[in-house]
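Chemist: In terms of this note's numbering, the numbers along the sequence shown are unbroken and rise by one, the last being 97. We put the CB at the ideal spot given by N, CA and C, even for glycine.
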Amino acid sequence: ELDKVEWIYYIDIDVLFGAPFIELAYVLESRYNLNDIPEHLSKLYFFENAWDKFILQGGFFVLHRRNSKFCLDAWRQEIDNLPHWKFDQMALNQIFENHKENKEMRCHLITM
């Protein structure tokens, strides 16, 4: 049954919606062309963070089941390599900075 799943929406437990979620999903899929997936590029889609310290909000993101694997692995590697970081948001910020500085071009973190 999971073989049919392509898109995964990760949503923290404390995120609230004022309307049915499916409506937001349709808007995101059309606005960000989520069905256009280049095989050679790994992407994760995030909302911008309201807190100035971090650019991306790690509590809600969208990923493609197969295509986003490289980005997820890079994120996990940052977390594993830097255990002094208190939470995964700092590692996510590092991945974003690496991309901005052209240190990592295979993983694109897209802001919505």
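1. Helix, strand or coil for Glu8? Go by DSSP, reduced to three states.
2. I'd like the span of the beta strand (DSSP E) that includes His69, first residue to last.
3. Count the other CB atoms within 10 Å of the CB of Ile(-2); is the residue buried (16 or more) or exposed (fewer)?
4. Whole angstroms is fine: what's the gap from Ile64's alpha carbon to Ser15's?
5. Going along the chain, which residues of its own chain have a beta-carbon closer than 8 Å to the beta-carbon of Glu86, five neighbours each way excluded?
6. Can you tell me whether Lys28 is helix, strand or coil according to DSSP?
7. Who are the near neighbours of Phe45 in its chain, counting only those whose CB is closer than 6 Å to its CB and skipping five residues on each side?
8. Is Val(-10) buried or exposed, if buried means 16 or more other CB atoms sit within 10 Å of its CB?
9. Could you tell me the boundaries of the beta strand (DSSP E) in which Gly43 lies?
10. Comparing C-alpha positions only, which one of Phe2, Lys28, Glu24 and Gly3 sits nearest to Ile(-7)?
Modeler: Let's see:
1. Indexing the sequence shown from 1 puts residue 8 at position 23. Correct three-state label for Glu8: helix.
2. By 1-based counting over the sequence shown, the position of residue 69 is 84. No beta strand (DSSP E) holds His69; DSSP gives it neither H nor E.
3. Reading the sequence shown from its first residue, position 13 is the one you call residue -2. Ile(-2) comes out exposed.
4. The sequence position of residue 64 within the sequence shown is 79, counting from 1. The sequence position of residue 15 within the sequence shown is 30, counting from 1. Rounded to the nearest angstrom, the two C-alpha atoms are 32 Å apart.
5. Start at 1 with the first residue of the sequence shown, and residue 86 comes out as number 101. Same-chain partners within the cutoff: there are none.
6. In the sequence shown, residue 28 corresponds to position 43, counting from 1. Three-state DSSP puts Lys28 in a strand.
7. In the sequence shown, the residue the question calls residue 45 occupies position 60. Closer than 6 Å at Cβ, skipping near neighbours: Ile(-4), Val0 and Phe32.
8. Numbered from its first residue, the sequence shown carries residue -10 at position 5. That one is exposed.
9. Mapped onto the sequence shown, residue 43 falls at position 58. Leu41 to His49 is the span of the beta strand (DSSP E), which, as asked, contains Gly43.
10. As a position in the sequence shown, residue -7 is number 8, starting the count at 1. The option with the nearest alpha carbon to Ile(-7) is Lys28.
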